[in-house]
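Chemist: Residue numbers (my numbering): 3 to 238. Sharing a structure, written as structure tokens. Questions coming.
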Amino acid sequence: MVAYQILGCRLGQAAVCVRMMSSNTAVQQSAKLAGKIAIVTASTDGIGLAIARRLGEDGAHVVVSSRKQTNVDSAVAELKGLGCSVLGLTCHVAKEQDRQNLISKTLEKFGGIDILVSNAAVNPAVGGVLDCPESVWDKIFEINVKNALQLSQLVVPHMQERGGGAIVYISSIAGFQPMNLTQHPAVYEKILETIPLGRIAETKEMAGLVSFLCSSDASYITGESFIAAGGMQSRL
3 MVAYQILGCR
13 LGQAAVCVRM
23 MSSNTAVQQS
33 AKLAGKIAIV
43 TASTDGIGLA
53 IARRLGEDGA
63 HVVVSSRKQT
73 NVDSAVAELK
83 GLGCSVLGLT
93 CHVAKEQDRQ
103 NLISKTLEKF
113 GGIDILVSNA
123 AVNPAVGGVL
133 DCPESVWDKI
143 FEINVKNALQ
153 LSQLVVPHMQ
163 ERGGGAIVYI
173 SSIAGFQPMN
183 LTQHPAVYEK
193 ILETIPLGRI
203 AETKEMAGLV
213 SFLCSSDASY
223 ITGESFIAAG
233 GMQSRL
């Protein structure tokens, strides 16, 4: 993946959108996410871990998750080593019981939910879209779309109880600029030529944008897509 699409949404008390921000500003903290409770799915490596790390560094209590306990343990150890407040849980987002457990354990540990970063996604097919079998399409839509919605449905009531919250969805730039997955270095170099900055993004560059969208600095942003693509053509 060479670039990312990040969707930030807000939900007010009227419950028409998907992004809420707390109106409680009585206590000012030096860290912009101080006291916030954030769930980040697929967050034990790559962009997910970078996001969890940044949210933790910005003051949030962070819940990291992955399908494998060993990966969870490694991520928790890294974040604790940085002084972050963190809870690690195994979670396969396609499994209802895992989703329920992710929410219940978060509430049990931290007492609420303010932020959901939906980062879990799959793309198991390499090749052209017209060659993609139906079973692969079904899996992509189940994980990338349906399960993200199901998690959102679970967290929103708890955000409402706290007066606000944030949901951020992480996706591929392919939604704007379709491209085939490739395993060939020559094609990879061609892709680099389409990026004005001339390089692949670093995960921390995605994490900073997500942290902003979860903060009060983004309090008037909702239902928007943000493209972090190094200048790569990314509009329909």
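The beta-carbon is built from N, C-alpha and C at its ideal position, and this holds for glycine as well. What you are looking at is a predicted structure, and each value in this text was computed from that prediction instead of being measured.
Here's the rule I'm using: 16 or more other beta-carbon atoms within 10 Å means buried, otherwise exposed. How should G167 be labelled?
Modeler: By the 10 Å Cβ count, G167 comes out buried.
Chemist: For A258, which three-state DSSP category applies?
Modeler: Any question about residue 258 goes unanswered here, given that the chain covers just 3 to 238.
Chemist: DSSP on M23, reduced to helix/strand/coil?
Modeler: Bear in mind that a pLDDT of 44 at M23, under 50, signals an unreliable position, so the number given afterwards is only what the model happens to contain. Note: M23 maps to coil in three-state DSSP.
Chemist: Take A127 and list the residues in its own chain whose beta-carbon comes closer than 6 Å to its own, dropping the five residues that flank it on each side.
Modeler: Only C134, V138 meet the Cβ criterion.
Chemist: Which same chain residues, not among the five before or five after V170, have their C-beta less than 6 Å away from its C-beta?
Modeler: Contacts found: G10, V119, V212, L215.
Chemist: Would you call the region 146 to 157 and the region 93 to 103 in contact, with 3 or more CB pairs under 8 Å?
Modeler: The region 146 to 157 is in contact with the region 93 to 103.
Chemist: Roughly how many whole angstroms lie between the Cα atoms of D155 and K34?
Modeler: Checking the sequence, you will find Gln at residue 155 rather than Asp. Their Cα atoms are separated by approximately 26 Å.
Chemist: Check whether the Cβ atoms of A62 and K38 lie closer than 8 Å to each other.
Modeler: The answer is yes: Cβ separation under 8 Å.
Chemist: Ignoring anything shorter than 4 residues or poking outside the region 60 to 133, list the alpha helix (DSSP H) runs there in chain order.
Modeler: If we require 4 residues or more, the alpha helix (DSSP H) runs fully inside the region 60 to 133 come out as 71 to 83, 98 to 112.
Chemist: How do the region 218 to 237 and the region 60 to 74 stand: do at least 3 beta-carbon pairs fall below 8 Å, yes or no?
Modeler: Because the criterion of three Cβ pairs below 8 Å is not met, the region 218 to 237 and the region 60 to 74 do not touch.
Chemist: Is A231 buried or exposed, if buried means 16 or more other CB atoms sit within 10 Å of its CB?
Modeler: It is buried - the Cβ of A231 has at least 16 other Cβ atoms within 10 Å.
Chemist: Closer than 7 Å by C-beta to T46: which residues in its own chain qualify, once you throw out the five before and the five after it? Chain order, please.
Modeler: These residues qualify, in order along the chain: V66, S68, N73, V74, S76, A77.
Chemist: Using DSSP's beta-bridge definition, name the partner residues of V2.
Modeler: Nothing about residue 2 can be reported from this structure: the residues present for the chain run from 3 to 238 only.
Chemist: If we call anything under 8 Å between Cβ atoms a contact, is I202 one with N121?
Modeler: It is not a contact, given that the beta carbons lie outside the stated cut-off.
Chemist: Tell me which residue opens and which closes the beta strand (DSSP E) that V147 is part of.
Modeler: It is not in any beta strand (DSSP E) - V147 carries neither H nor E in the DSSP assignment.
Chemist: Considering only residues of the same chain and omitting the five flanking positions on each side of F112, which have a CB-CB separation below 6 Å?
Modeler: Taken in chain order, the residues that qualify are I39, H63.
Chemist: So, at 7 Å on beta carbons, what are the nonlocal neighbours of I142 in its own chain, with the 5 sequence-adjacent residues on each side left out?
Modeler: The residues are V124, N125.
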